[in-house]
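Shown next, in structure tokens, is the structure this report addresses.
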Amino acid sequence: MSDLKIVRLDIVLAKSGKSENKILKSYYLINPDENKLYALRNGVEKRSETPNGCFEGLWEIESFVNRHFETLNIERTEIKW
Numbered sequence: 001m002s003d004l005k006i007v008r009l010d011i012v013l014a015k016s017g018k019s020e021n022k023i024l025k026s027y028y029l030i031n032p033d034e035n036k037l038y039a040l041r042n043g044v045e046k047r048s049e050t051p052n053g054c055f056e057g058l059w060e061i062e063s064f065v066n067r068h069f070e071t072l073n074i075e076r077t078e079i080k081w
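Numbered according to our numbering, the sequence shown spans residues 1 to 81.
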């Protein structure tokens with residue numbers, strides 16, 4: 001029996017000087033390829049360093065994830081206390 005690995009991938013809007021970052025989108029990846037995860041992280045982190053960055057918006061990240069990973073559709077609800 002092979003091991004099932006699920007990785008939660010959060011796309012986070014990092015705000016400098018603030019302790020909390022806003023999660024823009026979460027994906028649950030099933031047995032993700034480590035090289036593709038690295039390529040995604042590298043592309044997202046470098047997007048602001050170059051005028052023609054790898055990803056210009058969330059729609060491009062979602063397109064990459066949909067093409068290269070198998071995902072779970074997990075709904076999340078938040079209730080403020």
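Here a beta-carbon is modelled for each residue, glycine too, at the ideal position from N, C-alpha and C.
Inspect the beta-carbon positions of I61 and I11 and report whether they are closer than 7 Å.
Their beta carbons are under 7 Å apart, which means I61 touches I11 by this criterion.
L29 by DSSP, collapsed to three states: which one?
Of the three classes helix, strand and coil, the one that applies to L29 here is strand, per DSSP.
Can you give me the C-alpha to C-alpha distance between R67 and L40, rounded to a whole angstrom?
Looking at the two C-alpha atoms, the distance is approximately 12 Å.
With distances taken between CB atoms, is the gap from F69 to L29 smaller than 7 Å?
In this structure, L29 lies closer than 7 Å to F69 by Cβ.
Tell me which same chain residues have a C-beta within less than 6 Å of the C-beta of N31, skipping the five on either side of it?
Excluding sequence neighbours, N31 sits near K5.
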